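Worksheet: the structure to be examined is printed underneath.
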Amino acid sequence: MKNNYYIYIVAMALVTYLIRVLPLTLLRKPITNRFFRSFLYYVPYVTLAVMTFPAILFSTSRLLYGGMAFAVGIVLAWTSGNLFVVELGCCLVVLLMNAVLH
Numbered sequence: 303m304k305n306n307y308y309i310y311i312v313a314m315a316l317v318t319y320l321i322r323v324l325p326l327t328l329l330r331k332p333i334t335n336r337f338f339r340s341f342l343y344y345v346p347y348v349t350l351a352v353m354t355f356p357a358i359l360f361s362t363s364r365l366l367y368g369g370m371a372f373a374v375g376i377v378l379a380w381t382s383g384n385l386f387v388v389e390l391g392c393c394l395v396v397l398l399m400n401a402v403l404h
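Here is the structure:
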């Protein structure tokens with residue numbers, strides 16, 4: 303069976319177009335529902351987290367190293383809030399785990 307990639311491209315374009323156009327055409331007045339407004343507010347953050355979390359875990363040679371770096375990153379972000387400190391701490395954790403356990 304031959305794959306017709308043009309059908310996939312047209313379907314993807316149609317879905318993307320509808321997602322962007324339907325809210326503009328269907329919603330004429332501002333959204334006043336508090337729950338729906340808060341839901342829409344957090345959608346970008348959740349999407350970013352869902353895309354980033356697997357990349358953190360699977361970017362190292364072992365899943366455990368990525369998990370440890372993630373845990374240290376959460377603690378450092380919670381305590382210091384400095385992005386450079388979080389990045390440095392996560393990299394050091396992976397480096398030390400590779401040196402000690404590998």
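Heads up: the sequence shown begins at 303 in my numbering, then just goes up one per residue. We treat Cβ as the ideally placed atom computed from N, Cα and C, and that holds for glycine. This structure is a prediction, so every number in the text was calculated from the model and none was measured.
Taking the alpha-carbon positions, what's the residue i to residue j distance?
i    : j    : result
F372 : A351 : 12 Å
N305 : I311 : 12 Å
F341 : K331 : 18 Å
G375 : S382 : 10 Å
I309 : V345 : 29 Å
V387 : V377 : 11 Å
L328 : N335 : 16 Å
Y307 : L320 : 20 Å
When we look at the beta-carbon of residue i and count the other beta-carbons within 10 Å, is it buried (16 or more) or exposed?
i    : result
C393 : exposed
Y347 : exposed
Y367 : buried
How many whole angstroms separate the CB atoms of residue i and residue j, which I take to be in contact at a CB cut-off of 8 Å?
i    : j    : result
M353 : M399 : Incorrect: roughly 24 Å between the Cβ atoms, too far for contact.
Going by alpha carbons, who is nearest to residue i out of the options?
i    : options             : result
R364 : V345, H404 and N335 : H404
T362 : A315, V395 and A313 : V395
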